């Protein structure tokens, strides 16, 4: 009776929480002129095996052979699909593109708390624009997504780095381009590993004179010159408070080519709630050189955000008032006299036509039980239909206030009461 | 660069059409007090192999063995997942449940026009109520879903049948319970096959004295007594115009036990746009008898509905006005003087904070090109920021009307203009 390990059943209460999140995502993304697209849940395996799109993810793919002998995979992330679609339709759109998607992704991860095998992800990508303003625009969107839910600079910080700074550093020690990904993997993990382990890993890479101390010195440098123009842009937008330059952020994905960043939770369970960066070569590589389109974007998962919303009081309060305002049922019709059932059903139909959310008992039931049902479904009003029809009693369930209203006035009365 | 055969890339225009559909679904379902839930895209294969949930679908499953040696399948329909979840959480909810879901389903179907291998489906189910009013409530919801999009009784009809009528008929000819599914499959296909084929299929089943003529006579019977109470309920709701009793509707799925119905398009490409019925034993069977919950529900797919919307002028018009009212971008900032860019960016930030959908050119660009970009993204207004800052020129792009406004009044002015 249980879902597969790592998969979720979302009961209506859970779903309402997730919808609060996803509709907030959509609302803010649209303010930035972003438009939504979607792609298949299943893709050809090849899409993920191509140069640059891979990394650790390849070992976590849900891959199989379909009934038509194609090797396919459930998408582990959205960016390769986006790149494929944009490359195929390049000529149909003038640039830049501001595209977003909310969709399920799948990774066969080892099971541990909070690690899901199917999760929902928001992806926002700005394509066809190489300027630092594009980087700033995308990071501003990420920050506004967090502000929208009630998070401030004391709750979350954007750690900002740039792969270009790393490439310069690596060149200095003669580390070859093809070893960059391996090296950045060492950096990505060094915070969580003992120094000896890092030293051992570095010694396995070809280099001249690199030490862990030199690495730490570089990462501790107070200024990152390549990031200055971006920091100025974010300052101009009044968002500098949220930003923390931090070279230790390198991101796991192999395809990033410039700025990389992650939104990091400073409250509750410290962790990344979103991450992204610039990937100017992915579309070129996936299209075998047919289309070149610089791009910058990020992803934000639902599971971590839903946890984070519970950990910051202002975010929790904001969410609670949203749920209060969007109860499943606004009006419950209590049929106190079964002889009036036909009237009640017609009334339900009329109110629903007017956009009101209405429920009623589908079989004869004691009045007390009908009132319990009204409370169970979160109704704001119970409307009692009895022998005094067409006169109705309307009870506000939270305060127990009661008024008597003729049926022909109900719709108008409700529309002024339900804001 | 293409998606897998039978899968879709939804460009932003396509996505907007689908969102019009899915948000309409949600709006109407909520008016009936239905609440949304969700379940995993991937389930244990066993869930679909259990008694009663199968049929043709089992031959179309995307099934495979995962990295942990579990046999799993992409869900081909939502009902088994719903039944699993409801059975597992039976005690947490008072009945009846009014639950709906909008989710992707997957079937490896032979490729033909309009047949997709991944499609989105709305499922609405009312659980825990055996009365005919529950059937009426669900069918009324289905009809209102169609009315919402602009379809009337001349565009679509609900063909209504009942498996109980069929069971009585089959008993008469000594056809055994275990052969019911096979027999109904013959009925399901007989409209599309030559009579000889039907005769041949019937002769293979064990029966006493059944002929195709007797079968046709039964299906042509003007009254279906078992359906009368339901028809009266729908008449009382003012929805009788949409209904056509029709015994030839049996539905493919094996688990239906009572009323079955489908919404059938009378315009354009005649076909079913939704279908469902009562399934009082599925939850009992899936839970190995632990939970017994009568249920009635239906599914509606996105692909057929999106086609149907194009075929009925009133529906097409209604959709067009929706898209007009929800353009991706409301305000495009035209930066006529690069010296004012920082002002423009701060203004963008302020307007977005106020909920306005804003875009602007991320790199210096000729004014003419910026106006083209504004039209490309469907902006309602272009706001020109030039040397006369803080005075702005605001142009309504549809009519070319222009007004001059100081920046501090812009937000108020826009909020009265953008309804």
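Residue numbers (our numbering), protein chains in the order written: chain A, 51 to 469; chain B, 51 to 469. C-beta: ideal position from N, C-alpha, C; glycine also. Keep in mind that this is a model prediction, so the values were computed, not measured.
Could you tell me the alpha carbon to alpha carbon distance between residue i and residue j, rounded to whole angstroms?
i: residue 354 (chain B); j: residue 325 (chain B); result: 12 Å
i: residue 351 (chain B); j: residue 412 (chain B); result: 40 Å
i: residue 398 (chain A); j: residue 80 (chain B); result: 13 Å
i: residue 310 (chain B); j: residue 65 (chain B); result: 32 Å
i: residue 74 (chain A); j: residue 67 (chain A); result: 11 Å
i: residue 97 (chain B); j: residue 129 (chain B); result: 10 Å
i: residue 341 (chain A); j: residue 334 (chain A); result: 5 Å
i: residue 217 (chain B); j: residue 298 (chain B); result: 14 Å
i: residue 94 (chain A); j: residue 152 (chain B); result: 25 Å
i: residue 250 (chain A); j: residue 270 (chain A); result: 21 Å
i: residue 86 (chain A); j: residue 63 (chain B); result: 9 Å
i: residue 126 (chain A); j: residue 88 (chain A); result: 15 Å
i: residue 331 (chain A); j: residue 464 (chain A); result: 57 Å
i: residue 204 (chain B); j: residue 364 (chain B); result: 12 Å
i: residue 458 (chain B); j: residue 420 (chain B); result: 23 Å
i: residue 209 (chain A); j: residue 173 (chain A); result: 18 Å
i: residue 124 (chain B); j: residue 60 (chain A); result: 17 Å
i: residue 467 (chain A); j: residue 415 (chain A); result: 28 Å
i: residue 55 (chain B); j: residue 107 (chain A); result: 24 Å
i: residue 283 (chain A); j: residue 317 (chain A); result: 27 Å
i: residue 367 (chain A); j: residue 323 (chain A); result: 20 Å
i: residue 112 (chain B); j: residue 82 (chain A); result: 38 Å
i: residue 212 (chain A); j: residue 306 (chain A); result: 9 Å
i: residue 441 (chain A); j: residue 389 (chain A); result: 15 Å
i: residue 409 (chain B); j: residue 383 (chain B); result: 6 Å
Over the uninterrupted beta strand (DSSP E) stretch that includes residue i, give me the two end residues.
i: residue 171 (chain A); result: 168 to 177
i: residue 382 (chain A); result: 381 to 385
i: residue 315 (chain B); result: 309 to 315
i: residue 93 (chain B); result: 92 to 94
i: residue 210 (chain B); result: 206 to 212
i: residue 153 (chain B); result: 147 to 156
i: residue 454 (chain A); result: 452 to 456
i: residue 322 (chain A); result: 321 to 328
i: residue 408 (chain A); result: 408 to 410
State the CB to CB distance for the pair residue i and residue j, rounded to an integer number of angstroms; the pair is presumed to be in contact (CB under 8 Å).
i: residue 136 (chain B); j: residue 303 (chain B); result: Their Cβ separation, rounded to whole angstroms, is 17 Å, which puts residue 136 (chain B) and residue 303 (chain B) out of contact at 8 Å.
i: residue 378 (chain A); j: residue 407 (chain A); result: 7 Å
i: residue 423 (chain B); j: residue 447 (chain B); result: With 8 Å as the limit, residue 423 (chain B) and residue 447 (chain B) do not qualify as a contact, their Cβ atoms being about 11 Å apart.
i: residue 417 (chain B); j: residue 386 (chain B); result: 5 Å
i: residue 453 (chain B); j: residue 381 (chain B); result: So it is not a contact: roughly 14 Å between Cβ atoms.
i: residue 348 (chain B); j: residue 234 (chain B); result: With a Cβ gap of about 18 Å, residue 348 (chain B) and residue 234 (chain B) do not count as contacting.
i: residue 154 (chain A); j: residue 91 (chain A); result: 6 Å
i: residue 362 (chain B); j: residue 201 (chain B); result: 6 Å
Along the alpha helix (DSSP H) that carries residue i, what are the first and last residues, could you check?
i: residue 303 (chain A); result: Unbroken run through residue 303 (chain A): none, as it is neither H nor E.
i: residue 74 (chain A); result: 62 to 81
i: residue 439 (chain B); result: Taken as a continuous stretch (DSSP letters only), residue 439 (chain B) belongs to no alpha helix (DSSP H), as it is neither H nor E.
i: residue 418 (chain A); result: 417 to 426
i: residue 193 (chain B); result: 182 to 198
i: residue 403 (chain A); result: 391 to 403
Is residue i near the ligand FMN, going by C-beta to nearest heavy atom under 7 Å?
i: residue 270 (chain A); result: Looking at this structure, you won't find the ligand FMN or any other ligand, since it has none at all.
Next on the checklist: Does the segment 283 to 299 of chain B come into contact with the segment 183 to 197 of chain B, if we say contact requires no fewer than three beta-carbon pairs (one atom in each stretch) closer than 8 Å?
Outcome noted: yes
Item to check | Cβ contact (3+ pairs, closer than 8 Å) linking the segment 216 to 224 of chain B and the segment 252 to 261 of chain B | outcome: yes
Checklist entry - Counting pairs of beta carbons, one from the segment 168 to 183 of chain B and one from the segment 140 to 150 of chain B, are three or more of them closer than 8 Å? => result yes
Checklist entry - Hey, is the segment 273 to 292 of chain A in contact with the segment 387 to 401 of chain B, meaning 3+ C-beta pairs nearer than 8 Å? => result yes
Next on the checklist: Just to confirm the assignment: which complete beta strand (DSSP E) runs, minimum length 3, are found wholly within the segment 335 to 383 of chain A?
Outcome noted: 345 to 351
Checklist entry - For the segment 102 to 138 of chain A, which segments carrying the alpha helix (DSSP H) assignment without a break, of at least 4 residues, lie completely within its bounds, in sequence order? => result 129 to 138
Item to check | Three-pair Cβ contact test at 8 Å for the segment 185 to 192 of chain B versus the segment 158 to 169 of chain B | outcome: no
Checklist entry - What are the complete alpha helix (DSSP H) segments, minimum 4 residues, inside the segment 270 to 296 of chain B? => result 278 to 286
Checklist entry - Considering only residues of the segment 211 to 244 of chain B, which uninterrupted alpha helix (DSSP H) runs meet the minimum length of 4 residues and lie entirely inside it, listed in chain order? => result 213 to 222, 230 to 240
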